[in-house]
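In the numbering used here, the protein residues as written are 222 to 442.
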Ligand SMILES: *Cc1c(COP(=O)(O)O)cnc(C)c1O
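This is how it looks when you write it as structure tokens:
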């Protein structure tokens, strides 16, 4: 089942779109099945769970952190993940930068955009994020590389609404790129799309889809 899902997704995803297998709340055996089917990028949303899983998996796994990250946990994460997708505040990116400097590593991150109508979701509004780049605040970062944006669509059935949310994410990404030109090297990732909406996300420009339940089934704990 897991192997089939991975194989199907690897076949189905257009070139230029990578798959994050979202393995949060799943046992390690399931991650291994996905790994042996060829999957290398795994997404986790809790620091403790991730730290337990890292040594249990082969060293060439690329771990993405996709959950809300508290500043007091940044130190444990830096140096262990290939991408933090969920930077949702200036304070957080500043802490990531200072902890990365202390460890002498460069941390790759995505800035999380809040466009969905749910009020509980974390992230920058499109205007806030554009302003962050307009003010060139990223220039003070010495050990953090901003690779792009991440976002979620509203959790609704209305496909038009979902598409609008993804369009807003992609348009914000484009605004940032336009205004900052060559000073933003390597700003080229749009992480959007989950099990229920990744096809729409790809149509709207996603380069990274984060898929959990359609690979692993219902979450286990
Ligand atoms: C859990 C989670 C996913 C995966 O959701 P599925 O619906 O299981 O595919 C994707 N992105 C984020 C940020 C998540 O927390």
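The beta carbon of each residue, even a glycine, is placed where N, CA and C say it ideally should be.
- From the listed residues 235, 236 and 240, the smallest Cα separation to residue 436 is found for 240.
- For residue 328, the secondary structure class from DSSP, reduced to helix, strand or coil, is strand.
- As computed with DSSP, residue 242 is found in a beta bridge with 263 and 432.
- DSSP links residue 369 through a beta bridge to 331 and 410.
- Residue 298 is not bridged by DSSP to any residue.
- Counting only residues of its own chain and dropping the five nearest sequence neighbours on each side, residue 259 has no CB closer than 6 Å to any other CB.
- Beta-bridge partners assigned by DSSP to residue 305: 286 and 330.
- Of the residues assessed, residue 393 falls on the buried side of the cut-off, its CB having 16 or more other CB atoms within 10 angstroms.
- Under DSSP, residue 345 takes part in a beta bridge, and its partners are 334.
- Of the other Cβ atoms in all chains shown, fewer than 16 fall within 10 Å of the Cβ of residue 269; this residue is therefore exposed.
- Taking residue 267 as the centre and dropping the five residues before and after it, the same chain places the C-beta of 245 and 288 closer than 7 Å to its C-beta, in chain order.
- Cβ-Cβ distances below 6 Å link residue 364 to 318, 321, 322 and 327 in the same chain, with the five nearest sequence neighbours on each side left out; the list follows chain order.
- The Cβ atoms of residue 391 and residue 413 lie closer than 9 Å to each other.
- From the listed residues 432, 263, 333 and 228, the smallest Cα separation to residue 302 is found for 263.
- The beta carbons of residue 283 and residue 304 sit closer together than 9 Å.
- Under the criterion of beta carbons closer than 8 Å, residue 230 and residue 432 qualify as touching, at roughly 7 Å.
- Taking the Cβ of residue 375 as the reference point, every heavy atom of ligand 1 lies at 8 Å or farther away.
- Burial state of residue 291 is exposed, judged by a 10 Å Cβ sphere holding fewer than 16 other Cβ atoms.
- Annotated three-state conformation of residue 291 is coil, per DSSP.
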